[in-house]
Amino acid sequence: MLRGIHEVLGIAVLASSALAGAWGAMAWRRQSPSTIFWYLLRAAQVIVVAEAVVGLILAAQGKHVAAIHYVYGISPLVVSLFSEGARITVASATVAEVGDVEALERREQVLLARRIVLREIGVMTIGAILIVTLGLRAIATGS
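Using my numbering, the letters of the sequence shown correspond one by one to residues 7 to 149.
Laid out in structure tokens, this is it:
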């Protein structure tokens, strides 16, 4: 039963990350910030965590697969954390480019916030697409 849940979650990781990645790519390409993207992304991240937890439980129960499957199974968690760190770095670097945000006119502050959000969407979209790739590899190496 747990193995079936793991398989369903694996498909859900692919689908949710692909949807978030596609939505983010469209928003970034159109230069149109999207609130929906963040909900899709966070849902995909929750599914990634659930999938990894179930996979670890299966491993603890002695259900073993090829060693590389574990690498591809845990990597999406690492990618999520790395992407979040990169998102924060991009936002900080964008703010640092302008210096004193408080000194900016209101319109310039809004444009800065928009630029930050679009850069964050770009970074997180790349992460979501990478998670899809890793998920496909995990499926290919599973037994």
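All C-beta atoms in this analysis are idealised placements derived from N, C-alpha and C, irrespective of residue type, glycine included.
- With a cut-off of 8 Å on Cβ pairs, the segment 11-29 is not in contact with the segment 113-122, counting fewer than three such pairs.
- Counting other Cβ atoms within 10 Å of its Cβ, residue 51 reaches 16 or more and is therefore classed as buried.
- Segment contact: the segment 67-79 against the segment 28-48, fewer than three CB-CB distances shorter than 8 Å; contact not assigned.
- Just so you know, the alpha carbons of residue 134 and residue 108 end up roughly 33 Å apart.
- Scanning 18, 20, 22, 31 for the CA closest to the CA of residue 127 turns up 31.
- Annotated as distal: residue 141 and residue 55, with beta-carbon spacing of 7 Å or more.
- Sequence-distant Cβ neighbours of residue 145 in its own chain, meaning closer than 7 Å and more than five residues away, are 16.
- Per DSSP, the continuous alpha helix (DSSP H) segment holding residue 115 begins and ends at 112-147.
- The C-alpha of residue 35 lies about 33 Å from the C-alpha of residue 75.
- Straight across, the Cα-Cα distance linking residue 137 with residue 26 is about 11 Å.
- Your pair residue 100 and residue 121 checks out as a contact, with CB atoms roughly 6 Å apart and the cut at 8 Å.
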